[in-house]
Amino acid sequence: MNDKIRIAVVGLGKMGLSHFAMVNAHPQVDTVACDGAGFMVDVLSRNITAPVHRDYNAMLKTERLDAVLIATPSRLHAPMVTAALERDLHVFCEKPFCLDWADSERLTQMAAGKERVAQVGYHYRYVGAFREMKRIVDSGALGRITHVIAEAYGPVVLRPKRGTWRTRKEEGGGCLYDYAAHPLNLLNWFFGVPSLVSGSVLTPVFSDGIDDQVMATLSWNDGPTAQLSVNWSDESHRKMTTRVTMIGTNGRIFADRQECQVYLRKSDPALPSYDAGWTVKYTTELTEDPWFYLRGEEYSAQLNDFVTAVAAGKGKAIENDFASATQTDRTMAMVIENSETGAPVGSPPMAKQTIPARKRSWFARGA
Amino acid sequence: MPRMDRLLFGDNQFFGINHMSEEKARAQAMRFQHADAIMDVLDVAYDEGIRTFMCTTHDRIAEVADRIRANPARYGDFQFYPCMPYAHKYANAVTEHGMVGALRHFMPSDGLLSTALAGGKALATKEVDGIARVLIDMEMKMFQGTKTPVVFVQNVFTDLLLGMGFTRAFRIFHDHIIEKYGAEPAYITMNLPMLLDAVEKEGIERPIVCANINKIGFRMSGGFDAYLDALKSGRVRAVAMSVYASGAIPADEAIHWISELPGVESIVFGASSAGNIRGTKSLVEKYMGATA
């Protein structure tokens, strides 16, 4: 039977291998793998049944594909996604989407014009507790949300050391692109692109030349002010921990990968399952079992949505489309610019402020 | 083939793993940061007749193994079921050193295989198998001189290999664990039905498999019915984990349900208090007979 969709997983690093395993196990998918060279390709090509290619462009020419999943170092995302869309393929791209958000915008338009399913791997939007947070924020039951804290911590860089691409800024390394992208993407999901970014600090702790910690203040017109606090040199966490706290005029909400805790001052008809006072819901009760579990339901679920959208000919992503990931790329560009110049980036919610035009300016791109 | 004990003691609670709450996980990580606190709980379990400790190859387990070795009079019947590798150790190393760098990091630096890896050229199948065996031996080192009658592959690793279709690795593991350690090879998975098909294709029959098995189907990927079919078929010797589904099922009901399932040879559970250890033990005795 050949109504299966055929997906090439490109880049067999840490994320790529795990994506490859999940996609390959999907009953609706035929899988192809692709990686430049090296040990992994070598071992896999002799031990798995899926074809393994070593040259991306050659593979695009010779393989009959419906989609690609790009999990290469970040600087390769833009050219590889471009090449795939030129061949009318659907694309799932690992985060961060593109290092230059002008590329992100161009590819968003290109994918929309071709009605391709174009998705980026911000898996936190598939974590039950954060989905519940999104539902509650959208319901308005928290009242006017004024105060937000978005955090991520984990043990990635714990000592000075020899680098991989993840520790080279020009290749998309560093704590901002690797870690902070996740809480920022959640903030974009809840509130969109911030109007103003200030107080950004991108500093090394152990690394040489890249950021190991990120702090910033983000504000939205008619919306909250958020503080971002991220550090990937924190050994006290077993693995990456992401959490978001919000305070509104009618209550408070906290979510991490495991649970969503809500405090409502008064119950709200828009949120019938929550009474006044505390309600705690766990990801375990908010999540359905996937077809294949590797490292958390959210990883399987985002790929399942991609496969489903491609197979159903939906012509767009169910969640995490290119446009949404472009918001995060834009937000990260604002944080970088703010940290480099010290001048707030964007327009302040209330008072007017003149932002001098400069190279790489946020306005210069016509946002 | 000796039967496994009915009740095995797990180690999630010692390493800040809690599927419900990061806060609880942290409180546990604080409580169990020293091997003394772990030993106190293990002693309670051991004195209750629960003599098997199913544990990851976390650094702190090496300290536990030291204590067991040091006191054979006290721990004569104590046995480990090692589960390898401790995945975060590898995941963090890959981020830090890259894929090949991480492999070399965990191998003896003077070995031929490490040198072969450093050379960056294509490796022969024989060399790949050799690397796998060396990595297994490195993980087993901490258990030298203790009883390890069953050795598991940790679920992230099992399921990664399963998903990729790299099932030959199961065969390498299987043969090496039997040949070198005289132990039973076993697998932890979140995808029991799929794994069973895959290992059978490698010629491995009636494997010991540890998977979530609980009344509400929590994290039983591949489907509740497929799990029950696999258990009834007699093709697997199952170790049930998450029998309480992270607390979603009342203890008595959970154990009663498991006790009526065919194919479940053991239950693995984690607990930090004497009360909970005794509670689970008495339920298992009530519904399944002796725990050891």
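Residue numbers (UniProt numbering), protein chains in the order written: chain Z, 1 to 367; chain Y, 1 to 292.
Using N, Cα and C, we set each Cβ at its ideal position, and we do this for glycine too.
Please read all numbers here as calculations on a predicted model, not as lab measurements.
Contact under 8 Å by Cβ, residue i with residue j
| i | j | result |
| --- | --- | --- |
| Thr283(Z) | Gly128(Z) | yes |
| Ala25(Z) | Ala50(Z) | no |
| Glu205(Y) | Arg3(Y) | no |
| Gln261(Z) | Ser233(Z) | no |
| Ala181(Z) | Thr328(Z) | yes |
| Pro194(Z) | Leu176(Z) | no |
| Thr189(Y) | Thr158(Y) | yes |
| Tyr126(Z) | Glu288(Z) | no |
| Lys281(Z) | Phe190(Z) | no |
| Val148(Z) | Met22(Z) | no |
| Tyr153(Z) | His237(Z) | yes |
| Glu202(Y) | Arg235(Y) | no |
| Thr146(Y) | Ala65(Y) | yes |
| Met110(Z) | Ala71(Z) | no |
| Ala150(Z) | Pro183(Z) | yes |
| Arg7(Z) | Leu69(Z) | Sequence check: residue 7(Z) is Ile here, not Arg. Yes, the Cβ-Cβ distance between Ile7(Z) and Leu69(Z) is below 8 Å. |
| Ile216(Y) | Ala245(Y) | yes |
| Asn191(Y) | Tyr124(Z) | no |
| Gly247(Y) | Met20(Y) | yes |
| Ile102(Y) | Tyr90(Y) | It is worth fixing the name first, because residue 102(Y) is Ala in this sequence and not Ile. Yes, the pair counts as a contact, with Cβ atoms nearer than the cut-off. |
DSSP state of residue i mapped onto helix, strand, coil
| i | result |
| --- | --- |
| Asp222(Z) | coil |
| residue 400(Z) | It is not possible to answer for residue 400(Z), since the shown part of chain Z is limited to 1 through 367. |
| Arg252(Z) | strand |
| Ser229(Z) | strand |
| His237(Z) | coil |
| Asn18(Y) | coil |
| Ser267(Z) | coil |
| Pro183(Z) | helix |
| Thr125(Y) | helix |
| Asn212(Y) | strand |
| Lys246(Z) | Checking the sequence, you will find Met at residue 246(Z) rather than Lys. Three-state DSSP puts Met246(Z) in a strand. |
| Tyr274(Z) | coil |
| residue 301(Y) | The requested residue 301(Y) does not occur in the structure, where chain Y is confined to residues 1 to 292. |
| Glu259(Z) | strand |
| Tyr153(Z) | strand |
| Lys281(Z) | strand |
| Met33(Y) | For the sequence presented, residue 33(Y) should be read as Gln rather than Met. Gln33(Y) falls in the coil class under three-state DSSP. |
| His220(Y) | Per the sequence presented here, residue 220(Y) reads as Met, with His not at that position. Correct three-state label for Met220(Y): coil. |
| Ile267(Y) | strand |
| Met1(Y) | coil |
Classification of residue i by the beta-carbon crowding that lies within 10 angstroms, buried from 16 upward
| i | result |
| --- | --- |
| Asn71(Y) | exposed |
| Ala207(Y) | The amino acid occupying residue 207(Y) in the given sequence is Pro; Ala does not appear at that position. That one is buried. |
| Thr62(Z) | exposed |
| Trp101(Z) | buried |
| Ser221(Y) | buried |
| Ser273(Z) | exposed |
| Ile178(Y) | exposed |
| Asn214(Y) | buried |
| Met30(Y) | exposed |
| Pro185(Y) | buried |
| Gln119(Z) | buried |
| Met194(Y) | buried |
| Lys180(Y) | exposed |
| Asp35(Z) | buried |
| Ser273(Y) | exposed |
| Asp3(Z) | exposed |
| Pro269(Z) | exposed |
| Pro96(Z) | buried |
| Gln28(Y) | buried |
| His34(Y) | exposed |
| Asn155(Y) | buried |
| Asn188(Z) | buried |
| Leu283(Y) | buried |
| His233(Y) | According to the sequence as given, residue 233(Y) is Ser; it is not His. With fewer than 16 Cβ atoms within 10 Å of its Cβ, Ser233(Y) is classed as exposed. |
| Met1(Y) | exposed |
| residue 395(Z) | Shown here, chain Z extends from 1 to 367; a query on residue 395(Z) therefore has no answer. |
Within-8 Å CB hit, residue i to chain A
| i | result |
| --- | --- |
| Glu205(Y) | In the structure shown, chain A cannot be found, because the protein chains are Z and Y. |
Legend entry - Every unbroken alpha helix (DSSP H) inside the segment 6–68 of chain Z [4 residues or more]: The segment 6–68 of chain Z contains these whole alpha helix (DSSP H) runs: 14–24, 39–45 and 56–62.
Legend entry - Secondary structure, alpha helix (DSSP H): runs of 4+ residues fully inside the segment 227–253 of chain Y: Given a length threshold of 4 residues, the segment 227–253 of chain Y has no whole run of the alpha helix (DSSP H) inside it.
Inset, instruction - Tell me, please, whether the segment 254–271 of chain Y touches the segment 235–243 of chain Y by the rule of three or more beta-carbon pairs shorter than 8 Å. - result: The answer is yes - the segment 235–243 of chain Y touches the segment 254–271 of chain Y, with three or more Cβ pairs under 8 Å.
Legend entry - Contained alpha helix (DSSP H) runs [length at least 4] in the segment 68–100 of chain Z, N- to C-terminal order: Whole alpha helix (DSSP H) segments, 4+ residues: 77–86.
Legend entry - Those runs of the alpha helix (DSSP H) which lie wholly inside the segment 47–82 of chain Y and span at least 4 residues: When DSSP assignments are scanned along the segment 47–82 of chain Y, the uninterrupted stretches of alpha helix (DSSP H) that are 4 or more residues long and fall wholly within it turn out to be 59–70.
Inset, instruction - Scan the segment 132–190 of chain Y and note each continuous alpha helix (DSSP H) run of 4 residues or more that stays entirely inside, going in chain order. - result: Counting whole runs of 4 or more residues, the segment 132–190 of chain Y contains the alpha helix (DSSP H) stretches 155–164 and 168–181.
Inset, instruction - Tell me, please, whether the segment 50–58 of chain Y touches the segment 81–88 of chain Y by the rule of three or more beta-carbon pairs shorter than 8 Å. - result: Three or more Cβ pairs closer than 8 Å define a contact, and the segment 50–58 of chain Y meets that threshold against the segment 81–88 of chain Y.
Inset, instruction - Please confirm if the segment 299–306 of chain Z is in contact with the segment 156–170 of chain Z, defined as three or more CB-CB distances below 8 Å between the two stretches. - result: Per the Cβ contact rule, the segment 299–306 of chain Z is not in contact with the segment 156–170 of chain Z (fewer than 3 Cβ pairs under 8 Å).
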